[in-house]
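What follows is a short report on a single structure.
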C-alpha cells in the first residue's frame, strides 16, 4: 500500500464536487492499492486521471481524480477532482497549473 496525500486543492475540489466522506475514503484506499492507476495526462508532467465511481452513478458519471506519483519512495498526491457532468477533461490552464504545482 502506497501513502496517499490529499492536497488542500484536492480537499477543496472534492467538497465542491460533492464527494462524501465515504467516497473520499474509498478513493484514498483505491489509489493506495493502485498508485499507477489511470491514464497519464499529456502536458501535466506526469499527472494521471483516475475514474472513480460516484455513489449511484458508476464510473462514467463519476469523478475524475487527478493524481501525481513518481516512485514507491514518494507518496501519491491527490491533486484535484473534477466531475464528469461538469467537465470531462482538464483545460490547458489547469494542465499548466498542475505541471507547476507538483510536489507542493
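Numbering (my numbering), first residue to last: 189 to 292. Note that the Cβ used here is the ideal one computed from N, Cα and C, for glycine as well. Note that this is a predicted model, so its numbers are computed, not measured.
Cα atoms of residue 239 and residue 271: separation of roughly 10 Å, rounded to the nearest angstrom.
In this structure, residue 278 lies near residue 229, with their beta-carbon atoms less than 8 Å apart. Along the stretch 201-285, the alpha helix (DSSP H) occurs as fully enclosed runs of 4 or more residues at 209-221, listed in sequence order.
When Cβ pairs closer than 8 Å are counted between the two stretches, the stretch 247-263 is seen to touch the stretch 192-210, the count reaching three or more. The straight-line gap separating the alpha-carbon atoms of residue 242 and residue 189 is approximately 23 Å. By the C-beta density criterion, residue 215 is buried, having at least 16 other C-beta atoms within 10 angstroms.
In this structure, the alpha-carbon of residue 283 lies about 9 Å from that of residue 233. Counting only the Cα atoms, residue 268 lies some 10 Å from residue 205.
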